[in-house]
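Novice:
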Amino acid sequence: MGGYNIYKMQKKLKKYIDEARYVHTLGVMYTAASLAMCHGADIERAQVAGLLHDSAKCIPNSKKLKLCRQNNIVISEAERKAPYLLHAKLGAYIAHEKYHIEDPEILSAIECHTTGKPDMTLLEKIIFISDYIEPLRSKAENLAEVRRLAFQDLDKAVYITMRDTLQYLKRENASLDNQTVVAYNYYKEIIHGREET
Ligand code: DGI
Ligand code: FE
Ligand code: FE
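To convert, take the position in the sequence shown, counting from 1, and add 970; that gives our numbering.
1. Is it right to say GLU1104 is buried, meaning 16 or more other beta carbons lie within 10 angstroms of its own, or is it exposed?
2. Report the residue from TYR992, SER1032 and THR1150 whose alpha carbon sits nearest the alpha carbon of LYS1087.
3. Just the residues with CB closer than 5 Å to a heavy atom of ligand 3, in chain order, which are they?
4. At the level of alpha carbons, what is the spacing between LYS1027 and ARG1141?
5. How many Å lie between VAL1044 and VAL993 at the Cα?
6. Where ALA1048 and ASN975 are concerned, what is the direct C-alpha to C-alpha distance, given to the nearest angstrom?
7. Given PHE1098, which residues of its chain have a CB within under 6 Å of its CB, disregarding the five upstream and five downstream residues?
8. As a quick exercise: from PRO1053, LEU1056, PRO1074 and LYS1033, pick the residue whose alpha carbon is nearest that of VAL1018.
9. Please classify ASP1089: does DSSP put it in a helix, a strand, or coil?
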């Protein structure tokens, strides 16, 4: 494990995603590295996961569905209705197949970066939050608060991110993935339970 050639992965990735996505990806990579420094996670793993988290983002939706069927990747009800969600699972698949990432921690951080999940590892939380707060992001409400919390209270940052994302999705009448809802309830419980005492 370790000893990744990040520069080489960057050059390869650049050919498969558009420029805006690539610049976002670099933002996530450096934000993840900073959060790893802050919280004592492995910096290199955070960079690799950040770099590759959206590696499947620019695959056309029809091809996403096809790749999942061909590789026995389970498609949830919400993913069938909104196939862009599959870029997370497929991102982990591509990291493994095309970038030869074997580290299950990196792969799972990529896999759950869009919906989150209950009881995430430190690296999973770092990637989930980095995606939301990287410097080029600007639209989410409470962004300044989440950016500050990310370095001070990671679980609370995760909770606020999930709460606000769910609120946004409901407003947009988007189909909710079960994992998005289950993850939110888990972190809501943690934060509310903590603040009652
Ligand atoms: O790939 P990015 O744009 O960098 O970010 P992302 O992978 O976090 O995807 C962002 C979008 O995914 C965001 O608009 C919220 C949306 N999303 C998260 N959970 C769900 C969802 N969309 C639907 N339809 N259902 C969900 O459960
Ligand atoms: Fe993504
Ligand atoms: Fe992203």
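All C-beta atoms, glycine included, are put in the ideal place defined by N, C-alpha and C.
Specialist: With the structure as the only source:
1. For the purposes of this step, residue 1104 is identified with residue 134 of the sequence shown, where counting begins at 1. By the 10 Å Cβ count, GLU1104 comes out buried.
2. In the sequence shown, counting from the first residue as 1, residue 1087 sits at position 117. Measuring from the Cα of LYS1087, the nearest candidate turns out to be THR1150.
3. Answer in sequence order: ASP1024 and ASP1101.
4. Your numbering for residue 1027 matches position 57 in the sequence shown. Your numbering for residue 1141 matches position 171 in the sequence shown. A straight line joining the alpha-carbon of LYS1027 with that of ARG1141 spans about 24 Å.
5. One-based indexing of the sequence shown puts residue 1044 at position 74. One-based indexing of the sequence shown puts residue 993 at position 23. The alpha-carbon atoms of VAL1044 and VAL993 are separated by roughly 30 Å.
6. As a working note, residue 1048 is residue 78 in the sequence shown. As a working note, residue 975 is residue 5 in the sequence shown. About 35 Å.
7. For the purposes of this step, residue 1098 is identified with residue 128 of the sequence shown, where counting begins at 1. Excluding positions up to five away in sequence, the list reads HIS1083 and GLY1086.
8. Working through the sequence shown from its first residue, we reach residue 1018 at position 48. Out of PRO1053, LEU1056, PRO1074 and LYS1033, the CA that lies nearest to the CA of VAL1018 is found in PRO1074.
9. Here residue 1089 is taken as the residue at index 119 of the sequence shown, counted from 1. Shown here, ASP1089 sits in coil according to DSSP, grouped into three states, outside any helix or strand.
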